[in-house]
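Novice: These protein sequence lines are chains A and B, in that order. With the first letter of the first sequence counted as 1, position 52 gets the number 52 in the UniProt record's numbering; the numbers rise by one all the way through. With the first letter of the second sequence counted as 1, position 80 gets the number 80 in the UniProt record's numbering; the numbers rise by one all the way through. Beta carbons are placed, not taken as given, at the ideal position from N, Cα and C, and that holds for glycine. Predicted model only: the values in this text are computed from it and were never measured.
2 protein chains.
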Amino acid sequence: MSFPLPEPMRLALDLARAAAEAGEVPVGAVIVREGKVVATSANAMRGEYDPTAHAEMLAIRRAAAAIGNERLGDCDLWVTLEPCAMCAGAISLARIRRLYYAAPDPKGGAVAHGPLFFAQPTCHHRPEVYAGIGEGEAAAMLRAFFAARR
Amino acid sequence: MSFPLPEPMRLALDLARAAAEAGEVPVGAVIVREGKVVATSANAMRGEYDPTAHAEMLAIRRAAAAIGNERLGDCDLWVTLEPCAMCAGAISLARIRRLYYAAPDPKGGAVAHGPLFFAQPTCHHRPEVYAGIGEGEAAAMLRAFFAARR
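(1) Are the segment 107-124 of chain A and the segment 99-110 of chain B touching by the rule of at least three beta carbon pairs closer than 8 Å?
(2) To the nearest angstrom, report how far apart residue 140/A and residue 43/A are at their CA atoms.
(3) Ordered along the chain, which non-local residues of its own chain (more than five positions away) have a Cβ less than 8 Å from that of residue 128/B?
(4) Quick one, are the C-beta atoms of residue 45/A and residue 53/A less than 7 Å apart?
(5) Less than 7 Å between the beta carbons of residue 9/B and residue 134/B, yes or no?
(6) List, in order along the chain, the chain B residues whose C-beta lies closer than 9 Å to that of residue 60/A?
(7) Which residues in chain A have a C-beta closer than 7 Å to the C-beta of residue 82/B? List them in chain order.
(8) Of all Cβ atoms in chain A, is any one closer than 7 Å to the Cβ of residue 40/B?
(9) In this structure, how does DSSP classify residue 82/A when only helix, strand and coil are distinguished?
(10) Report buried or exposed for residue 149/A, applying the criterion of at least 16 other Cβ atoms within 10 angstroms of its Cβ.
(11) Under a CB-based cut-off of 7 Å, is residue 115/A close to chain B?
(12) Check residue 72/A in the structure and name its three-state DSSP category.
(13) Thinking C-alpha only, which one of 145/A, 29/A and 22/A is nearest residue 79/A?
(14) Let me know if residue 102/B comes out buried or exposed under the rule of 16 or more other beta-carbons within 10 Å of its beta-carbon.
(15) Please report how far the alpha carbon of residue 138/B lies from the alpha carbon of residue 81/B, in whole angstroms.
(16) Please state the DSSP three-state secondary structure of residue 29/B.
(17) Select from 71/B, 17/B and 55/B the residue whose C-alpha is nearest the C-alpha of residue 33/B.
(18) So residue 128/B is in the beta strand (DSSP E); what residue range does that whole segment cover?
(19) With 7 Å set as the bound, which would you pick, yes or no: does the beta-carbon of residue 68/B sit closer than that to a beta-carbon of chain A?
(20) Expressed to the nearest angstrom, what Euclidean distance is found between the alpha-carbon atoms of residue 93/A and residue 51/B?
(21) Just to confirm, are residue 85/B and residue 118/B a CB contact at a threshold of 7 Å?
(22) Using only alpha-carbon positions, find the residue among 91/A, 5/A, 23/A and 132/A that is nearest to residue 31/A.
(23) If we count the other Cβ atoms within 10 Å of its Cβ and call it buried at 16 or more, is residue 114/A buried or exposed?
Written as structure tokens, this is what we have:
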């Protein structure tokens with residue numbers, strides 16, 4: 001028996017899959033505000049020659065531009081992989097309200113691993129964090145991507 | 001008796017000063033490759049409605065775009081303030097060779113404070129770090145900026 005995923009995570013996973021087909025590490029992100037999607041993205045580091053073009057960063061930049069405000073305090077971010085330190089820092093700076101992520105990232109994650117960024121006393125804004133929604137599909141997609149490149 | 005600052009830090013401080021005049025928190029950054037400046041930037045969070053538009057992020061994105069490579073392994077970054085977690089993460093992802101920063105940031109810094117990002121076992125690339133060059137001028141500029149806004 002299986003249950004459908006929440007719509008924003010379903011969309012983020014579909015964006016991740018499309019990224020993989022374009023040769024990018026499959027991570028997708030969606031930002032929701034007042035029940036509406038305000039930004040979507042996927043990893044684009046290779047396509048854009050931009051080491052900062054993680055899905056979360058692009059989604060945050062797009063949402064802030066769309067709303068015309070650098071603070072996204074009424075926005076929730078859905079992403080298929082645990083954010084790294086760069087992205088966790090950006091989530092905090094943008095004042096994202098809730099973070100939903102699918103797969104854990106023991107090697108590069110900074111939320112439940114490594115620097116545990118949101119738990120630092122110098123972290124000025126912590127989102128509510130919900131992990132594991134869509135984890136199986138997100139992790140399988142990443143494994144398949146890296147296996148095909150080995 | 002005083003000595004002139006290294007040219008990239010002099011330039012970064014001048015960029016920070018110009019940012020303050022435009023209402024941005026005064027932080028400037030410069031990326032040098034093979035003795036040549038390949039990117040310059042200053043904070044632009046307010047002007048661009050972009051919470052990720054820290055000087056370091058813009059400099060890294062501009063350098064990667066200019067060089068046509070998401071890896072900046074032969075580049076050095078000069079910045080007037082200790083990088084935050086977001087920027088430290090980006091420095092690592094971009095494989096920056098050396099990081100020179102002026103003023104420490106006990107509240108938001110992630111290099112010598114808070115998450116000590118480059119010291120984490122999950123940090124995959126650590127630049128050489130040189131702190132304090134131009135510290136007095138950078139710190140005075142930040143203090144004056146915030147004092148005028150209180």
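Specialist: On the basis of the coordinates in this document:
(1) Short answer: they touch.
(2) Within the first sequence, numbered from 1, the residue matching residue 140/A stands at position 140. Within the first sequence, numbered from 1, the residue matching residue 43/A stands at position 43. Rounded to whole angstroms, residue 140/A to residue 43/A spans 17 Å at the Cα level.
(3) Here residue 128/B is taken as the residue at index 128 of the second sequence, counted from 1. Listed in chain order, the non-local C-beta contacts of residue 128/B below 8 Å within the same chain comprise 97, 98 and 99, local neighbours out to five positions each way being set aside.
(4) Looking up residue 45/A in the first sequence gives position 45. Looking up residue 53/A in the first sequence gives position 53. Contact: yes.
(5) Counted from its first residue, the second sequence places residue 9/B at position 9. Counted from its first residue, the second sequence places residue 134/B at position 134. Yes, they are a contact pair.
(6) Residue numbering aside, residue 60/A sits at position 60 when the first sequence is read from its first letter. Those within 9 Å of residue 60/A in chain B are 50, 51 and 52.
(7) Within the second sequence, residue 82/B is the residue found at index 82, counting from 1. For residue 82/B, no chain A residue has a Cβ inside 7 Å of its Cβ, as the nearest lies near 11 Å away.
(8) As a working mapping, residue 40/B is identified with position 40 in the second sequence. Taking 7 Å as the CB threshold, residue 40/B stays off the interface with chain A.
(9) The residue you call residue 82/A lines up with position 82 of the first sequence. It is coil, neither helix nor strand.
(10) Position 149 of the first sequence, counted from the first residue, corresponds to residue 149/A. Burial call: exposed.
(11) The residue given as residue 115/A occupies position 115 in the first sequence. Yes, contact with chain B.
(12) Here residue 72/A refers to the residue found at position 72 when the first sequence is read from its first residue. DSSP places residue 72/A in coil when its eight states are reduced to three.
(13) Walking along the first sequence from the start, residue 79/A turns up at place 79. The candidate whose alpha carbon is nearest that of residue 79/A is 29/A.
(14) Start at 1 with the first residue of the second sequence, and residue 102/B comes out as number 102. Burial call: buried.
(15) Sequence index remark: in the second sequence, residue 138/B carries index 138 (1-based). Sequence index remark: in the second sequence, residue 81/B carries index 81 (1-based). In this structure, the CA atom of residue 138/B is about 7 Å from the CA atom of residue 81/B.
(16) Taking the second sequence and counting its residues from 1, the one referred to as residue 29/B is at position 29. In the structure shown, residue 29/B adopts extended strand secondary structure according to DSSP, grouped into three states.
(17) Taking the second sequence and counting its residues from 1, the one referred to as residue 33/B is at position 33. Taking only the C-alpha atoms, the option nearest residue 33/B is 71/B.
(18) As a first step, residue 128/B must be located in the second sequence, where it is residue number 128. First-last of the beta strand (DSSP E) with residue 128/B: 128-131.
(19) As a working note, residue 68/B is residue 68 in the second sequence. Closer than 7 Å to the CB of residue 68/B there is at least one CB belonging to chain A.
(20) Reading the first sequence from its first residue, position 93 is the one you call residue 93/A. Reading the second sequence from its first residue, position 51 is the one you call residue 51/B. Answer to the nearest angstrom: the Cα atoms are 6 Å apart.
(21) Counting from 1 along the second sequence, the entry for residue 85/B is found at position 85. Counting from 1 along the second sequence, the entry for residue 118/B is found at position 118. No, they are not a contact pair.
(22) Reading the first sequence from its first residue, position 31 is the one you call residue 31/A. Of the listed residues, the one whose Cα sits closest to residue 31/A is 91/A.
(23) If you number the first sequence from 1, residue 114/A lands on position 114. Buried, because 16 or more other Cβ atoms sit within 10 Å of the Cβ of residue 114/A.
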